[in-house]
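Colleague:
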Amino acid sequence: MTDPAHSSIELACDWRSAGEYQDIRYEVAEGIAKITINRPEVRNAFRPKTLFELSDAFNRARDDDQIGVIILTGQGDLAFCSGGDQRIRGDDGYIGHDPNDPVATKGIGRLNVLDLQVQIRRTPKPVIAMVAGYAIGGGHVLHIVCDLTVAADNARFGQTGPQVGSFDGGYGSGLLARIVGQKKSREIWYLCRQYDAAEAEEMGLVNTVVPLAELERETVNWARQMLRHSPLALRMLKASHNAVDDGLAGVQQLAGDSTLLFYMTEEAQEGRNAYREKRAPDFDKFPKRP
Ligand code: S0N
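Our numbering numbers the first residue of the sequence shown as 129 and each following residue consecutively.
Now the structure itself:
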């Protein structure tokens with residue numbers, strides 16, 4: 129039987145571990161952060177601990193000003209992620225078993241993955257899903273919320289919600305429909321079929337498909353290409369692409385980025401300086417732009 133942890137994917141960078149975790153790995157190289165879900169024995173299904181660690185790693189990558197692009201992937205050839213760990217699904221969500229987690233010790237379920245989806249969307253750096261094997265259920269939604277998806281030729285995509293008594297009516301269906309169209313999205317959810325990498329590329333669900341061994345090389349090439357570009361321009365483009373689908377929260381993100389840019393101008397700094405110097409601001413010198 130194939131070892132689920134085995135990877136035929138050739139490394140493309142000299143990765144350095146930059147965080148201690150149990151369910152994931154966090155590695156960095158060349159301005160890229162690689163976050164790997166490391167539960168291959170369950171096809172990289174996530175439990176609450178996995179999601180808290182992923183959230184921490186995404187924060188780490190966001191706050192590191194040397195990191196320009198983030199890669200999200202799964203350990204091994206067989207799976208990117210198979211969604212929520214069904215073994216610890218309680219009657220009201222996924223139940224953690226970490227004695228240090230106050231929610232978990234109450235035995236109350238919590239829908240943690242939704243917070244991670246929002247976090248990936250709001251991380252102001254491009255996130256690439258690097259998919260080998262299955263991206264299924266909540267694991268499929270994780271690749272949907274990433275900016276780009278590079279797939280290996282063995283990748284398989286699908287939702288299982290109606291089969292296992294679950295559904296994702298947020299990004300999992302709304303954003304999927306934006307990507308592949310309403311009819312196709314409904315087919316994917318209602319029928320719970322699986323789609324191979326070529327079909328996924330055909331429907332615009334992934335950006336490109338490459339041989340399994342070359343998956344990381346190609347993904348890193350995409351990252352390197354973006355790293356040559358203006359990080360602020362990429363940030364604005366991510367926020368702009370998100371804005372319509374994310375409603376007022378999307379507008380807030382885009383508007384926040386505008387505020388960030390405005391803060392960097394002499395005009396905004398005049399307002400701050402005047403307040404600090406206890407004088408009236410002099411905005412006369414700034415043009416009333418057409
Ligand atoms: C991935 C599949 C297709 C792989 O098939 P394959 O290669 O034949 O392997 P298996 O023999 O089936 O699996 C190998 C071992 O891995 C275990 N395993 C696989 N997936 C899971 C999983 N998700 N949870 C727990 N264990 C898993 C198998 O049991 C097996 O172990 P052993 O050998 O010990 O029996 C295939 O495995 C598959 O179809 N997996 C299940 C996919 C699935 O239904 N996932 C759950 C879908 N639902 C969600 O993800 C919830 C979404 C969600 O979280 C959410 C969404 C919106 C709003 C809120 C929430 C929320 O709940 O928070």
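No residue lacks a Cβ here, since even glycine has one placed at the ideal position from N, Cα and C.
Which of the three DSSP states is assigned to Ser183 in this structure?
Modeller: Taking the sequence shown and counting its residues from 1, one reaches residue 183 at position 55. In this structure, Ser183 counts as helix in the three-state DSSP scheme.
Colleague: With DSSP as the reference, label Thr336 as helix, strand or coil.
Modeller: Within the sequence shown, the letter at position 208 stands for residue 336. Reduced to three states, the DSSP call for Thr336 is strand.
Colleague: Given the structure, does Ile272 come close to the ligand S0N, in the sense that its CB is under 8 Å from one of the ligand's heavy atoms?
Modeller: One-based indexing of the sequence shown puts residue 272 at position 144. Answer for Ile272: no, Cβ out of range of the ligand S0N.
Colleague: For Pro409 and Lys253, what's the separation of their Cα atoms in angstroms?
Modeller: Start at 1 with the first residue of the sequence shown, and residue 409 comes out as number 281. Start at 1 with the first residue of the sequence shown, and residue 253 comes out as number 125. Each residue's alpha carbon lies about 35 Å from the other.
Colleague: Assign His271 to one of two classes, buried (16 or more other C-beta atoms within 10 Å of its C-beta) or exposed (fewer than that).
Modeller: As a working mapping, residue 271 is identified with position 143 in the sequence shown. It is buried - the Cβ of His271 has at least 16 other Cβ atoms within 10 Å.
Colleague: Am I right that Asp205 and Ser136 are in contact with their C-beta atoms under 8 Å? What's the rounded C-beta distance?
Modeller: Residue numbering aside, residue 205 sits at position 77 when the sequence shown is read from its first letter. Residue numbering aside, residue 136 sits at position 8 when the sequence shown is read from its first letter. Between Ser136 and Asp205 the Cβ distance is about 5 Å, and since that is below 8 Å, they are a contact.
Colleague: Can you find the residues in the same chain that come closer than 8 Å, C-beta to C-beta, to Val379, ignoring five residues on each side of it along the sequence?
Modeller: For the purposes of this step, residue 379 is taken as residue 251 along the sequence shown, with counting starting at 1. Excluding residues within five positions, the ones whose Cβ falls inside 8 Å are Ala371.
Colleague: Regarding Leu319 and the ligand S0N, is the C-beta to nearest heavy atom distance less than 8 Å?
Modeller: The residue you call residue 319 lines up with position 191 of the sequence shown. Result no, Cβ not under 8 Å from the ligand S0N.
Colleague: Looking only at DSSP bridge pairs, what is Glu155 linked to?
Modeller: Position 27 of the sequence shown, counting from 1, holds the residue named residue 155. In DSSP, Glu155 forms a bridge with Ser145 and Lys162.
Colleague: Among the candidates Gln214, Thr178 and Tyr323, whose CA atom is the shortest distance from the CA of Tyr149?
Modeller: Counted from its first residue, the sequence shown places residue 149 at position 21. Ranking Gln214, Thr178 and Tyr323 by Cα distance to Tyr149 puts Thr178 first.
Colleague: Shorter than 8 Å, the distance from the beta carbon of Ile160 to the closest heavy atom of the ligand S0N, or not?
Modeller: Residue mapping note: residue 160 aligns to position 32 of the sequence shown, counting from 1. No, the ligand S0N has no heavy atom inside 8 Å of this Cβ.
Colleague: Do you know offhand how far Arg167's Cα is from Ile198's?
Modeller: As a first step, residue 167 is located in the sequence shown; it is residue number 39 there, counting from the start. As a first step, residue 198 is located in the sequence shown; it is residue number 70 there, counting from the start. Cα-Cα distance, rounded: 20 Å.
Colleague: Could you check which residue in Cys209, Lys416 and Tyr262 has the C-alpha nearest to that of Gln322?
Modeller: By 1-based counting over the sequence shown, the position of residue 322 is 194. Of the candidates Cys209, Lys416 and Tyr262, the one whose C-alpha sits nearest the C-alpha of Gln322 is Tyr262.
Colleague: In whole angstroms, give me the CA-to-CA distance for Leu200 and Glu395.
Modeller: Position 72 of the sequence shown, counted from the first residue, corresponds to residue 200. Position 267 of the sequence shown, counted from the first residue, corresponds to residue 395. Distance between the alpha carbons of Leu200 and Glu395 is about 39 Å.
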